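Novice: Protein chains in written order, with the numbering used here: chain A, -16 to 203; chain B, -16 to 203; chain C, -16 to 203; chain D, -16 to 203.
We put the CB at the ideal spot given by N, CA and C, even for glycine.
Computed from a predicted structure; not experimentally measured.
Number of protein chains: 4
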Amino acid sequence: MDQFEKAGYSQESIGFGNRCAVLMVDFQKGFTDGTSPLGRSDHVQRAVNNTAVLLEAAKAHGIPVASCRVAWNSRDDMAYWKIGSLYDGSFYHGHPCTEFDPRISDPDYIFEFTKTAPSIFFLTPLLTWLTKHCIDTTIITGCTTSGCVRASIVDSFSHGYRTIVPEDCCGDQDEGPHLDNLRDVGRRYADVVTLQDVLAHFKTLSPTADRRPTSPEETA
Amino acid sequence: MDQFEKAGYSQESIGFGNRCAVLMVDFQKGFTDGTSPLGRSDHVQRAVNNTAVLLEAAKAHGIPVASCRVAWNSRDDMAYWKIGSLYDGSFYHGHPCTEFDPRISDPDYIFEFTKTAPSIFFLTPLLTWLTKHCIDTTIITGCTTSGCVRASIVDSFSHGYRTIVPEDCCGDQDEGPHLDNLRDVGRRYADVVTLQDVLAHFKTLSPTADRRPTSPEETA
Amino acid sequence: MDQFEKAGYSQESIGFGNRCAVLMVDFQKGFTDGTSPLGRSDHVQRAVNNTAVLLEAAKAHGIPVASCRVAWNSRDDMAYWKIGSLYDGSFYHGHPCTEFDPRISDPDYIFEFTKTAPSIFFLTPLLTWLTKHCIDTTIITGCTTSGCVRASIVDSFSHGYRTIVPEDCCGDQDEGPHLDNLRDVGRRYADVVTLQDVLAHFKTLSPTADRRPTSPEETA
Amino acid sequence: MDQFEKAGYSQESIGFGNRCAVLMVDFQKGFTDGTSPLGRSDHVQRAVNNTAVLLEAAKAHGIPVASCRVAWNSRDDMAYWKIGSLYDGSFYHGHPCTEFDPRISDPDYIFEFTKTAPSIFFLTPLLTWLTKHCIDTTIITGCTTSGCVRASIVDSFSHGYRTIVPEDCCGDQDEGPHLDNLRDVGRRYADVVTLQDVLAHFKTLSPTADRRPTSPEETA
């Protein structure tokens, strides 16, 4: 029993609620296709490929999906990042590095938007969309686990969502920090599971329901 | 050169700006005096004692200080925490575990408030106070490094503050996760320094200035 | 047809969703009992008495209720208010003016908390609680309509909630600004209704259901 | 003396602080050029023309300027707006109605971004940019006064900024609600002034200073 267990960490589990959404963090070319020095991790490739499977299952079950990329106008609206490769212009609006990876892009189905900080929640329209869809559970995927994914998990938890992290749908520059961060959040904030666990949960749901609520105005 | 350095992490430093504030995260009895199972870490004692030194220096230089504790009304307004020992009532309003540690408490000088989530910024009045004090640099201390301190650092960075973390003013249940998290944030979001570094910076400031701005209404 | 109608305002209605919460804004003694110069409006008395009826109905139907007061530590954490009577200390923590009006207080049922700005949403724990309760519809009451109620309506709308305003449960210093603000929000953001409309909606709900979700950890 | 004055409203003034920014709310073609039913107000034309003068003065004094438009992906990410003309597609990304009015557009100087709710602050990157520029005073212009401008003023105030509203730089569908809302915010949250007042303040500032801070990384 480690110091954390003695203190009472990891004693509760969370579980899926009634209405899930899949959130995808920063699966954009700058991190997934090698164009940028930031995009050369094999560990991230695994995450994209697994999330593509998750996306298909989500669509088959009518589960809402949101996806964000990071982009800025210029250095002027960036926070004090210590990552030098973010400053070469490849993460400014319009650059190919800010395009979504084609394996997980589907603008007709996915709510796609841009963020400027690590968390997918930080000053983005995600909250309003989650409320409109009556979501109580987020399934968080993306890259990198020790950066933007970690920040997104903490914000999802803080906002009162049941937060589920399929670990093989998250990627990092290296496996050590990936595991360290899953350990930290699994003790406190989120259930760390696998892609197969999420797919198994989806199978318990009625396959035909469209879980994306019809816009109330449209039915009025 | 590790995978992160190859990708461009850790290439920039941030530095102090013109107006610092000290932020103290969760130095409350529940984490610092052994009443709760969560409060039995020696590593946290070091952090409290060092932060008490930092607090005295901040007061001597007129640097604003804010301090938060975590507390809830009941399980009803808590997020889905996995830490079982948070649910025994000792972190509900009015319990001694929610009192600030006397080594760092000074309600006449410190802006003290309550939060409900990991980050000192999350849905708290801190932002308004920072704006009124024209702060551009936060110096973050507290416990635990791998939980509420990490979340606070990420939010400080995201909001555009220069974020400085004196590592010996932060404590955790165990040293491993403390170091892992300082590594992660030091690569991306914050300058990780020591108490002595911050004290040395304070000494470069005019000793007599009261850096807490007079309320503009009072001078009108 | 006025200029707003020609431009397309007021063309849609919103309606109740599946899960309502009642929000009560600033029904605290400083605004309701004449202790403060701010508390001498008859129009506010009507709002408190009507909201007390609404509260009983909400409890009978198991509908969650949240209530906020405004309070500060000192001038140091207040925004640049132009209302001089806020600066005499009667809205600092612990003063009777910050106590909830007994006609609408019930800490065993109501989620009660403190705010520092006009909106009940602004940097308060309300969002997390609404998410945990899976709320899609807010019913907003309180005082004053042209101040904190207006700000709360705009934030509720912005966060994606269906926003319902029973106008006779809202009070102001004078009736003119009350009506002006209901006009503005009714064109854009909210359905402006009456107490009787809300009570009639509650009667359509199953009377025995406890709509406050059991804490998932407790059922686990 | 009206009921509000008796209660203590309008007793304080705010004044300019040390570092201003100009914020422009929704000066986009959909509201300024008649393409949309929402864009046919003469009162808004006055506001755009006056703000163009303000913009030139701001640039001459190196004062930072931010500007937002509203746009959505589809009905799916819109809040429950009651304005029917927002749903015809003309406010979706890429439509000419979402382009900035050329009289006030200057992407090389202005921080331009997109919002989804009434307030220029609501879940947008504005806060981070304001912090980086050490802003303590916002000068708010835009349309419409009784909608997005009002919401932006309340949020600016709530975040602790000194908030200045040159009333002839704000426009509405009709003058009545414009004046009603200036009355409400002038009692509580903001100094309501004129374009000339702001220009006179700018003249007191050193004309040559570039008040947009150099990016600290660039000077490091």
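#1: Is C:Arg52 helix, strand or coil when you go by DSSP?
#2: Starting from A:Ile123, follow its DSSP beta bridges and name the residues at the other end.
#3: Counting contacts by CB-CB distance shorter than 7 angstroms, is D:Leu106 in contact with chain A?
#4: Would you call the CB atoms of D:Asp138 and D:Ser102 closer than 7 angstroms?
#5: Do three or more CB pairs link the region 51 to 65 of chain B to the region 5 to 19 of chain B at distances below 8 angstroms?
#6: By the DSSP assignment, the alpha helix (DSSP H) with C:Ile136 in it spans what residues?
#7: Would you list, in chain order, the members of the region 130 to 150 of chain A that have their beta-carbon closer than 8 angstroms to a beta-carbon of chain C?
#8: Anything in the region 23 to 46 of chain A with a Cβ closer than 8 angstroms to a Cβ of chain B? List those residues in chain order, please.
#9: Considering only C-alpha positions, which residue in the set C:Phe14, C:Cys3 and C:Gly169 is nearest to C:Gly45?
#10: Would you please state the rounded distance, in angstroms, between the beta carbons of B:Pro79 and B:Lys12? I believe it to be under 8 angstroms.
#11: Based on Cα-Cα distance, which residue from A:Gly154, A:Gly67 and A:Pro160 lies nearest to A:Phe14?
#12: Would you be able to state if there are at least three C-beta pairs under 8 angstroms between the region 26 to 37 of chain A and the region 143 to 160 of chain A?
#13: What do you get for D:Pro85, buried or exposed, if any count of 16 or more other CB atoms within 10 angstroms of its CB means buried?
#14: With C:Thr15 as the anchor, note down where its beta strand (DSSP E) starts and where it stops.
#15: Under 9 angstroms between beta-carbons, which chain B residues line up against A:Ser102? List them in chain order, please.
#16: List, in chain order, every chain A residue whose beta-carbon is nearer than 7 angstroms to that of D:Leu162.
#17: Does any C-beta atom of chain D lie closer than 7 angstroms to the C-beta of A:Ala62?
#18: Taking A:Phe104 as the reference, which of A:Asp91, A:Tyr92 and A:Thr121 has the closest Cα?
#19: Compare the beta carbon distance of C:Pro149 and C:Val132 with 7 angstroms and say whether it is the shorter of the two.
#20: So which of C:Tyr(-8), C:Ala35, C:Arg23 and C:Ser19 has the shortest CA-CA distance to D:Gly22?
#21: Quick one: does A:Lys115 have its CB under 7 angstroms from some CB of chain C?
#22: So which residues of chain F does D:Thr111 contact, with C-beta pairs closer than 8 angstroms?
#23: Whose C-beta lies closer than 6 angstroms to the C-beta of C:Leu165 among residues of the same chain, with five residues either side of it excluded?
#24: Out of curiosity, what's the CA-to-CA distance linking C:Ser24 and D:Trp112?
#25: Could you say which of A:Tyr75, A:Ser68 and A:Glu158 lies nearest to B:Arg171 if we only look at CA atoms?
#26: Buried or exposed: where does D:Glu(-5) fall if 16 or more other Cβ atoms within 10 Å of its Cβ makes it buried?
#27: Going by DSSP in three states, C:Asp174 sits in which element: helix, strand or coil?
#28: Does DSSP classify D:Cys153 as helix, strand or coil?
#29: Measure the Cβ-Cβ separation of A:Arg145 and B:Tyr63 and say whether it is below 7 angstroms.
#30: With DSSP as the reference, please indicate the residues paired to A:Glu95 in a beta bridge.
#31: Going by DSSP in three states, B:Ala(-10) sits in which element: helix, strand or coil?
#32: Can you pull the DSSP bridge partners for A:Thr146?
#33: List the endpoints of the continuous alpha helix (DSSP H) containing D:Lys65.
#34: Could you please give the first and the last residue of the uninterrupted alpha helix (DSSP H) stretch that includes C:Arg86?
#35: Cutting at 6 angstroms between CB atoms, please list the residues of its own chain near B:Ala35, excluding the five before and the five after it.
#36: So what does D:Tyr75 bridge to, in DSSP terms?
Specialist: According to the structure shown:
#1: Stepping through the third sequence from its first residue, residue 52 of chain C is reached at position 69. Here C:Arg52 sits in strand by DSSP.
#2: Translated into positions along the first sequence, residue 123 of chain A becomes position 140. Partner(s): A:Leu6.
#3: For the purposes of this step, residue 106 of chain D is identified with residue 123 of the fourth sequence, where counting begins at 1. Using beta-carbon distances, D:Leu106 counts as an interface residue toward chain A, with a partner under 7 angstroms.
#4: In the fourth sequence, counting from the first residue as 1, residue 138 of chain D sits at position 155. In the fourth sequence, counting from the first residue as 1, residue 102 of chain D sits at position 119. Using a Cβ distance threshold of 7 angstroms, D:Asp138 and D:Ser102 count as a contacting pair.
#5: yes
#6: For the purposes of this step, residue 136 of chain C is taken as the residue at position 153 of the third sequence. Unbroken alpha helix (DSSP H) run through C:Ile136: Arg133 to Ser141.
#7: Ser141, His142, Gly143, Tyr144 and Arg145
#8: Answer set for the region 23 to 46 of chain A: Arg23 and Ser24.
#9: As a first step, residue 45 of chain C must be located in the third sequence, where it is residue number 62. Considering only alpha carbons, the answer is C:Cys3.
#10: Numbered from its first residue, the second sequence carries residue 79 of chain B at position 96. Numbered from its first residue, the second sequence carries residue 12 of chain B at position 29. At roughly 6 angstroms, the Cβ-Cβ gap stays under 8 angstroms, so B:Pro79 and B:Lys12 are in contact.
#11: Position 31 of the first sequence, counted from the first residue, corresponds to residue 14 of chain A. Residue A:Gly154 is the option with its Cα nearest to A:Phe14.
#12: yes
#13: Taking the fourth sequence and counting its residues from 1, one reaches residue 85 of chain D at position 102. When all chains shown are included, D:Pro85 counts as exposed.
#14: Along the third sequence, one-based indexing puts residue 15 of chain C at 32. C:Thr15 -> not in any beta strand (DSSP E); alpha helix (DSSP H) instead, spanning Lys12 to Thr15.
#15: Counting from one through the first sequence, the residue named residue 102 of chain A turns up at place 119. Per Cβ cutoff of 9 angstroms: Val137, Asp138 and Ser141.
#16: Reading the fourth sequence from its first residue, position 179 is the one you call residue 162 of chain D. Within 7 angstroms Cβ-Cβ: nothing; D:Leu162 doesn't reach chain A, min ~31 angstroms.
#17: Within the first sequence, numbered from 1, the residue matching residue 62 of chain A stands at position 79. Yes, A:Ala62 counts as interfacial toward chain D.
#18: Sequence index remark: in the first sequence, residue 104 of chain A carries index 121 (1-based). The shortest C-alpha separation from A:Phe104 is found at A:Thr121.
#19: Within the third sequence, residue 149 of chain C is the residue found at index 166, counting from 1. Within the third sequence, residue 132 of chain C is the residue found at index 149, counting from 1. Not in contact: C:Pro149 and C:Val132 (Cβ atoms no closer than 7 angstroms).
#20: Within the fourth sequence, the letter at position 39 stands for residue 22 of chain D. With distances taken between Cα atoms, D:Gly22 lies closest to C:Tyr(-8).
#21: Stepping through the first sequence from its first residue, residue 115 of chain A is reached at position 132. With its beta carbon less than 7 angstroms from one in chain C, A:Lys115 belongs to the interface.
#22: Of the protein chains in this structure, namely A, B, C and D, none is chain F.
#23: In the third sequence, the residue the question calls residue 165 of chain C occupies position 182. Result list for C:Leu165: Glu150 and Val175, in chain order.
#24: Taking the third sequence and counting its residues from 1, the one referred to as residue 24 of chain C is at position 41. Taking the fourth sequence and counting its residues from 1, the one referred to as residue 112 of chain D is at position 129. In a straight line, the C-alpha of C:Ser24 is about 41 angstroms away from that of D:Trp112.
#25: Translated into positions along the second sequence, residue 171 of chain B becomes position 188. When only C-alpha atoms are compared, the closest one is A:Ser68.
#26: As a position in the fourth sequence, residue -5 of chain D is number 12, starting the count at 1. With 16 or more other Cβ atoms within 10 Å, it is buried.
#27: Reading the third sequence from its first residue, position 191 is the one you call residue 174 of chain C. C:Asp174 falls in the strand class under three-state DSSP.
#28: Start at 1 with the first residue of the fourth sequence, and residue 153 of chain D comes out as number 170. Here D:Cys153 sits in strand by DSSP.
#29: Numbered from its first residue, the first sequence carries residue 145 of chain A at position 162. Numbered from its first residue, the second sequence carries residue 63 of chain B at position 80. The beta carbons of A:Arg145 and B:Tyr63 sit closer together than 7 angstroms.
#30: Position 112 of the first sequence, counted from the first residue, corresponds to residue 95 of chain A. A:Ser50.
#31: Here residue -10 of chain B corresponds to residue number 7 of the second sequence, with the count starting at 1. B:Ala(-10) falls in the helix class under three-state DSSP.
#32: By one-based count along the first sequence, residue 146 of chain A stands at place 163. Beta-bridge pairing links A:Thr146 to A:Thr121.
#33: Taking the first residue of the fourth sequence as position 1, residue 65 of chain D is located at position 82. Counting along the chain, D:Lys65 falls outside any alpha helix (DSSP H), and DSSP gives it neither H nor E.
#34: Against the third sequence, residue 86 of chain C aligns to sequence position 103. Run containing C:Arg86: none; DSSP gives neither H nor E here.
#35: Against the second sequence, residue 35 of chain B aligns to sequence position 52. Cβ neighbours of B:Ala35 beyond the five flanking positions: Arg86 and Ile87.
#36: Position 92 of the fourth sequence, counted from the start, is the residue given in the question as residue 75 of chain D. Paired residue(s): D:Trp55.
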